[in-house]
Amino acid sequence: MEEDYNDPDICPNTGKTRWECSCFDCKPDIFRFKFLCIGCDDIDCVIGVLEGTLERFRSWKEQGYTIGGGIADDYMYILPPKREGFFAVSCSCGEVGYCEVRGSDCSCESCGRVWTLPS
């Protein structure tokens, strides 16, 4: 319904309530700083974790990811790149898949999976 586009409780991508929706606009990935070095017991471990994290952030930057909103004390939202006419969801392979806005066809470029969102 057209009026749903103006309802802040309804996702403009899927038409579902924000609670039911699983798109990244409604439920973004969360990167938690707080637990980054849990389990490390020496400086070399911390350096290894930080180098791996830096690599991940560089990869996200190259792929067009952004930070959603401000950065909190111990976490931030990581958002995949936007595509006109599509919205991002998490694929079962762990990568990002894209679905047609207000449609049901989804696909993942990483693993090639194609699926339909339940209505």
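First residue of the sequence shown: 13, per my numbering; consecutive thereafter.
Beta carbons are placed, not taken as given, at the ideal position from N, Cα and C, and that holds for glycine.
The segment 57–68 contacting the segment 102–122, beta-carbon criterion three pairs below 8 angstroms: no
Spatially closest choice to Ser71 from Thr26, Asp19, Ile90, by CA coordinates: Start at 1 with the first residue of the sequence shown, and residue 71 comes out as number 59. Closest option to Ser71, Cα to Cα, is Ile90.
Alpha-carbon to alpha-carbon, Leu48 and Ile79: Mapped onto the sequence shown, residue 79 falls at position 67. Mapped onto the sequence shown, residue 48 falls at position 36. The alpha-carbon atoms of Ile79 and Leu48 are separated by roughly 18 angstroms.
Proximity to Phe45 [Cα-Cα], best of Leu62, Glu96, Cys38, Asp54: What you label residue 45 is simply residue 33 of the sequence shown in a count that begins at 1. The shortest C-alpha separation from Phe45 is found at Leu62.
Identity of the residue in Tyr87, Cys118, Lys73 nearest Ser34 by Cα: By 1-based counting over the sequence shown, the position of residue 34 is 22. It is Cys118.
Exposed unless 16 or more other CB atoms sit within 10 angstroms - verdict on Val58: As a working note, residue 58 is residue 46 in the sequence shown. So Val58 counts as exposed.
Straight-line Cα distance separating Ile22 from Gly81: Looking up residue 81 in the sequence shown gives position 69. Looking up residue 22 in the sequence shown gives position 10. For Gly81 and Ile22, the distance between alpha carbons rounds to 20 angstroms.
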